[in-house]
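Chemist: Input: one structure, supplied below.
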Amino acid sequence: MPEGPELHLASCYINTVCAGLIFSGKVEKSEVSKNPEVLFESDAYLISATSRGKEIKLTLTPLKEEKNLLPGRGRDREGLSQNGLQQPMDLVFRFGMSGSFKLASGAELPKHAHLRFYTKESPHRALCFVDIRRFGRWEVHGTWQLDRGPCVMLEYEKFRENVLRNLSDKAFNKPICEALLNQKFFNGIGNYLRAEILYRLKIPPFEKARTVLEALQHRKQSPDLTLSKKVKLKRENPDLLELCHAVPMEVIHMGGKGYSPEPSDDAAAFEEWLQCYCVPGMRSLHDGNGRTIWFQGEPGPMAPKGEHQLYSSMLCRVLLLLVGLGEAGRSVACCGIIKVKETSDALLKL
DNA sequence: CGTCCACGTCTAC
DNA sequence: TAGACCTGGACGG
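Residue numbers (this note's numbering): 97 to 446.
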């Protein structure tokens, strides 16, 4: 599922399917999950959700005053007031590479459902946090992670200011494609979004981030234009930071689930929407963190050296070394090089 | 069978 | 700046 749009779509999904649903009992964790137990229990409670960048917060709200029905157990529970009432609880989730929420209707739980909230009805259904790879995390009594910036989708103005006010930060020494994955400034942007955003403006992915962003600080005014012309111009020529908002918003407005592994009409529409990421004919490279960046055109000045570039620079050094040696040294060095070549050829045959 | 790849953090040297 | 953390799908032999 999971870049900013998928997290936001998950919160919409939860608020839609859980509207009017009453949940009951304990929150159940799978055996295999290493995430914390959720010690919440209520005879009747509601679930709602909000999102911020690549995080989602669930709020569990007990419906009415209720006595703790299981004295002794209550001591283990969290968020109990002194008279044993279950207090509301916030849970903050990150989705890792494969997290999602699903309301399961059948008797069977979905595979990899690591946290389950059961409805009161009979037979009950279960809202499940499903996560195949288990990179996802949740925190009990969670708050938004402190070092993540404002949401690129829901807090656009704050997001923009946070970037432009902090351009001296060393995060912007990096290539723009790597800076875009820094959640301290671009909370919600992930690997497919960075490719799509840079592609729209044909910005070379390995151009220095500060160079790209400093150009946006004082945006050129054209005072002779009418207001409506200015608005039109701005809408038709969005800058990089505007696209960090607008591109994920396009995914949200498509509806569906966004990027999702299961084949469906939504998935087909999403693939159709992609202009660059994994699109045939586009180029790709690995960035400094080993993540694949998709792009078109020039990679830009900070591009990592490819393998053949490394080999050719090594060869240059060897040749320079040989030139610098006398005739005797040259023959000794060449013997050594030939030995290295024979050895590596022999190893390749093994 | 095996190897590579995937929408993202985390922590430890 | 590597790895660790995971499952499973695609593709090659």
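Even glycine gets a Cβ: it sits at the ideal position worked out from N, Cα and C.
Put Trp-240 into one of helix, strand or coil per three-state DSSP.
Modeler: Stepping through the first sequence from its first residue, residue 240 is reached at position 144. Coil.
Chemist: Could you check whether the segment 145 to 152 touches the segment 106 to 115, counting it as contact only if at least three pairs of C-beta atoms, one from each stretch, sit closer than 8 Å?
Modeler: Contact between the segment 145 to 152 and the segment 106 to 115 is present, because at least three Cβ pairs lie under 8 Å.
Chemist: Give the C-beta separation of Leu-211 and Lys-125 to the nearest angstrom, bearing in mind that I take them to be a contact with Cβ-Cβ under 8 Å.
Modeler: Locating residue 211 in the first sequence gives position 115, counting from the first residue. Locating residue 125 in the first sequence gives position 29, counting from the first residue. Contact flag correct, Cβ pair sits at about 6 Å.
Chemist: Answer with buried or exposed for Val-248, where buried requires no fewer than 16 other C-beta atoms within 10 angstroms of its C-beta.
Modeler: By 1-based counting over the first sequence, the position of residue 248 is 152. Counting Cβ neighbours within 10 Å, Val-248 comes out buried, since at least 16 surround it.
Chemist: Counting C-beta neighbours from all protein chains within 10 Å, is the total for Leu-417 16 or more, i.e. buried, or is it exposed?
Modeler: Taking the first residue of the first sequence as position 1, residue 417 is located at position 321. Residue confidence for Leu-417 is low, a pLDDT of 44 falling below 50, so the modelled location carries little weight; the figure read from the coordinates is stated next. Per the 10 Å Cβ criterion, exposed.
Chemist: With burial defined as no fewer than 16 other Cβ atoms inside 10 Å of the residue's Cβ, what is the status of Ser-177: buried or exposed?
Modeler: On the first sequence, position 81 is the one that residue 177 refers to. It counts as exposed.
Chemist: Restricting to Cα atoms, I'd like to know which of Asn-262, Cys-340, His-314 and Arg-221 is closest to Leu-294.
Modeler: Locating residue 294 in the first sequence gives position 198, where the first residue counts as 1. The shortest Cα separation from Leu-294 among Asn-262, Cys-340, His-314 and Arg-221 belongs to Cys-340.
Chemist: Judging by CA-CA distance, which residue of Glu-274, Gln-279, Asn-131 and Cys-273 is the nearest neighbour of Asn-258?
Modeler: Your numbering for residue 258 matches position 162 in the first sequence. Cα-wise, what sits closest to Asn-258 is Gln-279.
Chemist: How would you call His-104, buried or exposed, if buried means at least 16 neighbouring beta carbons within 10 angstroms?
Modeler: Looking up residue 104 in the first sequence gives position 8. Answer is buried; the Cβ neighbour count reaches 16.
Chemist: Just the C-alpha distance for Thr-215 and Asp-139, rounded to the nearest angstrom, thanks.
Modeler: Along the first sequence, read from residue 1 onward, the residue named residue 215 stands at position 119. Along the first sequence, read from residue 1 onward, the residue named residue 139 stands at position 43. The straight-line gap from Cα to Cα measures roughly 10 Å.
Chemist: Around the C-beta of Ser-264, are 16 or more other C-beta atoms found within 10 angstroms, so that it is buried, or is it exposed?
Modeler: Your numbering for residue 264 matches position 168 in the first sequence. Exposed, since its Cβ has fewer than 16 Cβ neighbours within 10 Å.
Chemist: Measuring straight from C-alpha to C-alpha, what distance separates His-237 and Asn-269?
Modeler: Along the first sequence, one-based indexing puts residue 237 at 141. Along the first sequence, one-based indexing puts residue 269 at 173. Going by the C-alpha atoms only, they are around 36 Å apart.
Chemist: Which residue wins for smallest C-alpha separation from Gly-352, given the options Asp-243, Asp-361 and Ala-291?
Modeler: Taking the first sequence and counting its residues from 1, the one referred to as residue 352 is at position 256. Gly-352 has its Cα closest to that of Asp-361, out of Asp-243, Asp-361 and Ala-291.
Chemist: Assuming Arg-290 is part of the alpha helix (DSSP H), what are its boundary residues?
Modeler: Taking the first sequence and counting its residues from 1, the one referred to as residue 290 is at position 194. Here the alpha helix (DSSP H) through Arg-290 covers 287 to 297.
Chemist: How close, in whole Å, do the beta carbons of Pro-301 and Pro-395 come, if the pair is a contact with beta carbons under 8 Å?
Modeler: Taking the first sequence and counting its residues from 1, the one referred to as residue 301 is at position 205. Taking the first sequence and counting its residues from 1, the one referred to as residue 395 is at position 299. With 8 Å as the limit, Pro-301 and Pro-395 qualify as a contact, their Cβ atoms being about 6 Å apart.
Chemist: Going by other Cβ atoms of all chains shown within 10 Å of its Cβ, with 16 needed for buried, is Gly-425 buried or exposed?
Modeler: Residue numbering aside, residue 425 sits at position 329 when the first sequence is read from its first letter. Because the pLDDT of Gly-425 is 47, which lies under 50, any placement of that residue in the model is unreliable, and the number read from its coordinates should be weighed accordingly. Classification of Gly-425: exposed, given that the 10 Å Cβ count is below 16.
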